[in-house]
Each structure stands twice: as structure tokens, then as C-alpha cells.
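Below is one structure, written out as C-alpha cells; comments come after it.
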Ligand code: HEC
Ligand code: HEC
Ligand code: HEC
Ligand code: HEC
Ligand code: HEC
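In my numbering, the protein residues as written are 12 to 485.
Okay, structure coming up:
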């Protein structure tokens, strides 16, 4: 009798099939929620697919169910307008039925708020996680995720750069994110994913949360390792003193473009912002100069897209740094992952790396095989005396490829230009080509000492490194 009394409001509420489905959905999601609660409270490194189930599907089911219950009642009333009892039970507290209904509604609302709130919170934090951004769409984000893991930002969450703090961008990202989920589901996305990202948040609000321009400063030593393609590999080093500068001043690379009051705008003719025929520079004194590339006839930017320069115009690959084969191989060689005693090792490796492979599987099969085959054919004795070296190097060459080329996403060598520098891509030289200003008096300089001082150039053991005690780190 007791149980029947308690159940009666539920039965009453759910006496139509729409509400009934709603009740079933809410209950199922609620039970699953309790079931999965312990794992989600521990809350770290969840398998991306369980994550989708738990943090996206479950909340969706739960809230859909909640919405169906009143919808069913509304529909039921509309449908059975004429058959409803003429007199409803009076709505006062002396009516036991009404008290029970209220108690039930209150209790179930509190429960739903707790469960719903927790589910929403979990869904939101899950969608901000590196696992969701980087791994859920497996193939799509594989290039970015792989490069990210090998970058100085591998501990910085995707959302720190791609969304940043604040409610405004949060909503914007959820809107564009919904489209991304659809385009992945229905395979509508372009390959490779085009850059630059059009709605990337300005660096001021993302990068500068962690990197304070006031704290930049000084010079920094960079060592570049080079290796020859000869039979006997020669290892040389260039040492550059990079004039990074900045620190609220106008010194150096950062100061010249990012100093207080400095504003640089530029027009580009291509989507990737590689061709820059028009630059406008406003200095701290408010005076404006324009610079035109040779052969550009317009006075202003005309119809071209104009952009204000920020961190991303130089650091466009702070976390997804794909390298060209030469540079990537140099790094592996300097790390000694490559056996430098193998004859023509750089030439053979580059040759294998630059061939076309239709899929990742094909590259995993063919790259080590082709590398090995060269030595089997040309240096059979070596295969007997140093098979280990060949095998180890074949693996390292494969790793170089796997970090930079993703056939499934059509990300090949050089698909994403890196603007920091000028040897692999135009980079700084997109503007720094000695173009003169209007009004006269300034140029965007190309002089080799403008940005860095060469302390050593392609030397086998640069004196400067031994003076600084940096030569021991080999
Ligand atoms: C340190 C900041 C930073 C972090 C962290 C970061 N990104 Fe990016 N991401 C960028 C920038 C900058 C670009 C390129 C913008 C441009 O060229 O317009 C970019 C571009 C992309 C692109 C476009 C394709 C491409 O390669 O240019 C995708 C997709 C992407 N990021 C996904 C991710 C994912 C997934 C994560 C986390 C695993 C992540 N990003 C973490 C800064 C970041
Ligand atoms: C959430 C904090 C955070 C955000 C946001 C962030 N970074 Fe960083 N960044 C770091 C940390 C931490 C390091 C240092 C890693 C180290 O020293 O190993 C770093 C390192 C760097 C470096 C130095 C890499 C090197 O070669 O030493 C550059 C350049 C850089 N960030 C640029 C950017 C740019 C550009 C953005 C915006 C797109 C950005 N960062 C956004 C935290 C952040
Ligand atoms: C004009 C191009 C340019 C702009 C704009 C620029 N940077 Fe840099 N940044 C560089 C170069 C070049 C280096 C040195 C890289 C190297 O050592 O090879 C550098 C170095 C850095 C480093 C490493 C500093 C160190 O001491 O190791 C950080 C961090 C950094 N930049 C962050 C930023 C942030 C944040 C912004 C935006 C406020 C920004 N940069 C704007 C070109 C630029
Ligand atoms: C969008 C165009 C543009 C790009 C790209 C660009 N710069 Fe500049 N840079 C300028 C302008 C404009 C000036 C100011 C020239 C002047 O003083 O009249 C400048 C000035 C400088 C200066 C100061 C020069 C001096 O005479 O004191 C340095 C150093 C510098 N840039 C380094 C770099 C580096 C390094 C890169 C690449 C990572 C780079 N720039 C990329 C436009 C650019
Ligand atoms: C506008 C600034 C700028 C000017 C001018 C400039 N460089 Fe550079 N250069 C850079 C930057 C930035 C890097 C570092 C790239 C990186 O971090 O990978 C670099 C790197 C290099 C490297 C090492 C690259 C490598 O991959 O081995 C060499 C060599 C070099 N520059 C030579 C020159 C010479 C020669 C000139 C004169 C024609 C010159 N640079 C003019 C900014 C400049």
C-alpha cells in the first residue's frame, strides 16, 4: 500500500509514452552516472572513447530525458483535452496526494540538479581536455597532437592557446566546435586542415597570459647542428647570438615589433600570409611609415586582407612544429639516434624520407626496408659487422618521418610553413628584404647582424662553445 502510494505520482506523471521514455532515459543516465562516478572523480587520463560516452553522450541522454517528461505531459494534455477529469484534486496541503506530488517533485529536482550539474561540469571540463582535443578525432588531429607532444608546450592545454580565458570566447569556441564535430562525423573537413586559423584568438589574450612581454629581454645563444652528405659524415656547428630583446623597450627582435606603442600592420596576397607586399609601421612617437615590396603598385593595401602583427606572425608554430626533412634529421643525428659511422648515412636517409608513401602503414613498412636495402646492396660486409647500427638508424629515420608527415591528413613535408627564421621558409624575409619606406628614411633591414650575431659559422669545434663550456654536451 505504502509503495503504491509513493509510486502513484510517477505513474500519474508518466502515464503517456513520451514522458515514460523520458523517465527511462533519466533513470538510465542517472544509474550510469552513479556507476561511473568513482572513475570520473579520480578524473585523469581517461580513454577518449569512454570520455565521449561518459561526458558527452550521458549528459545528452540525461537532459533529453528531462526535457521529454514535461513535453509528454503537455502533449498528453493537449491530446486528451476532452477526456481529462472535470475536477482536479484541490491544490492545498491538506490533500495528501498533492503533498506527495510536491515531495516527489522536490526530491527528484534536487537529485536532478546534483546529477545534471555534475554531468554538465564534467562535460565542459572534458571538452577542454587535451585528450578530447587531441585524441578523440584520432586521424584528424594526429598531426597536431604528435607535434604538440614534441613541443615545449606539451604540458600546456590545447585550450590555453585555442580558446583562452573568459566566457565570450568559450561560447564562440563551442559554436565553431559543434561544426567541427559535425564535419568530422560526416567527413566534410579539408585535408590538411588549412592555416592560418581564421578565428584564432589574439595572442594578447592567450600567449601573454603566460609570457609577459615585460619579461622578455636580452640575447640568447642558439647552436645549429649541420651534417654533410658525404661518405664520411662531417658534423659542423653554427652558433648565433639571437637578439631577442624586448622587456618593455625597443631593443632587438621583440622590442622592434612589440615594444610599447609600436604597431605593425601588413597586407598579404595569399591565405597563408607568405606574400607580404605592403607593411605599415607606427612607432612610439606615433609617426607612420609604409613599406612596399618591389613590384607592388598600389598605394595602400587596396583590396588585400590586412592583419595587425602579433606573436603568432613569427611564432605561428609554437606547438605544432613540423620540420623539413633536413632539419629533423639533423636533430636526430645530433641526438646520436643515427649511427654517424654509416657511409653516406645522411644522403641515404634523406633519399628514403623524401619518397612518397600513400599511407602511414606503407611508410612504416617501406622506410626501414628501403634504408636497410641500400646497405645490404652496397655494403654487405657492413651488414655483417654493424647490423645493429643500420637497424637502429632505420628506426630513427622512421621516427623522423612519423613526427612530421601524416599521409592520412595530407600533411607532407613543408605543408605548414614556419615563420620563425628564414632558411627553410621566407619567414622574417617576407618583410625584411631591404624595402624602403615612404616617407623616406627607413628600411626593413636584411643586414645579417640585425637579428643575430654569428659567433661561429659551420665550424667543427667552435671556439666560443669551448670558452662557454658548452662543447662538453655532445
Ligand atoms: C602554445 C599554444 C598552442 C597549443 C598549446 C596548442 N595549439 Fe594548436 N595552434 C596554435 C597556433 C599558434 C596555431 C597556428 C595558427 C596559424 O598558423 O594560424 C595552431 C594550429 C592548430 C591547428 C590547425 C592546423 C595546423 O596545424 O596549423 C589545429 C588543428 C590545432 N592547432 C589543434 C591543436 C590541438 C588538438 C592541441 C592540443 C593537443 C593544440 N592545438 C595545442 C597554438 C597552440
Ligand atoms: C598556459 C601557459 C602558456 C601559454 C598560454 C603559452 N605558453 Fe609558451 N611556453 C609555456 C611554457 C611553460 C614554456 C616553457 C617550456 C620550457 O621552458 O621548457 C613555453 C615556451 C615557449 C617558447 C620558447 C620555446 C623555446 O624554444 O624555448 C615560445 C617561443 C613560446 N612559448 C611561445 C608561445 C606563444 C607564441 C604562445 C601563444 C600562441 C604561447 N607560448 C602560449 C607556457 C605557455
Ligand atoms: C618579429 C617576430 C617575433 C614576434 C612578433 C614575437 N617573437 Fe618571440 N621570438 C622571436 C624570435 C626570432 C625568437 C628567438 C628564437 C630563437 O632563439 O631561435 C623569439 C623567442 C621567444 C621566446 C623564447 C625566449 C627565450 O628567452 O628563450 C618566447 C617565450 C617568445 N619569443 C614569446 C613571444 C610572445 C609571447 C610574443 C608576443 C607577445 C612574441 N614572442 C612575439 C620572434 C618573435
Ligand atoms: C610583417 C612584416 C615583418 C615581419 C614578418 C618581420 N618583421 Fe621585423 N620589422 C618589421 C618592421 C616594419 C620593422 C621596423 C623597421 C624600421 O625600423 O623602420 C622591423 C624591425 C625589426 C628589427 C629592428 C631592426 C633595426 O634596425 O633595429 C628586428 C631585429 C627585426 N625586425 C627582426 C625580425 C625577425 C627576427 C623576424 C622574423 C622572426 C621579423 N623581424 C619579421 C616588419 C616585419
Ligand atoms: C630579420 C631578422 C634576420 C635577418 C636580417 C637575418 N636572420 Fe638569420 N636567422 C634569423 C632567425 C630568427 C633565425 C633563427 C631561426 C630558428 O630559430 O630556427 C636565423 C637563423 C639563421 C641561421 C641558422 C639557420 C639554420 O637553420 O641553420 C643562419 C646560418 C642565418 N640565420 C644566417 C643569416 C645570414 C647569412 C643573414 C644575412 C643575409 C641573416 N641570417 C639575416 C633572423 C634573421
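Just so it is clear, CB atoms sit at the ideal spot from N, CA and C, and this is done for glycine as well.
Asked                                                                                          : Found
Closer than 7 Å: residue 263 CB and nearest ligand 4 heavy atom                                : yes
Integer-rounded CB distance, given that residue 235 should sit under 8 Å from residue 450      : That belief does not hold up - the Cβ atoms of residue 450 and residue 235 are roughly 38 Å apart, past 8 Å.
Buried or exposed by the 16-neighbour rule on C-beta atoms within 10 Å, applied to residue 116 : exposed
Residue 145 beta carbon near ligand 1 (any heavy atom closer than 7 Å)                         : yes
Residue 396: first and last residue of the uninterrupted alpha helix (DSSP H) it sits in       : 391 to 396
Residue 335 beta carbon less than 8 Å from that of residue 360                                 : no
For residue 465: DSSP bridge partner residues                                                  : 251
Three-state secondary structure assigned by DSSP to residue 362                                : helix
Rounded separation between residue 442 and residue 435 - CA only                               : 16 Å
Pair within 8 Å by beta-carbon distance, residue 457 and residue 471                           : no
Cβ contact check for the region 83 to 94 and the region 27 to 39: 3 or more pairs under 8 Å    : yes
Burial state of residue 332, where buried means 16 or more other Cβ atoms lie within 10 Å      : buried
Extent of the continuous alpha helix (DSSP H) to which residue 136 belongs                     : 107 to 138
Closest by C-alpha distance to residue 410, when choosing among 343, 368 and 90                : 343
Residue 457 Cβ short of 7 Å to ligand 5 heavy atom set                                         : yes
Cα-Cα separation between residue 42 and residue 130, rounded to whole angstroms                : 12 Å
According to DSSP, residues forming a beta bridge with residue 8                               : The chain is shown only over 12 to 485; residue 8 falls outside these bounds and no answer can be derived.
Proximity test, Cβ basis, 8 Å: residue 482 and chain C                                         : The structure shown contains no chain C; it is built from a single protein chain.
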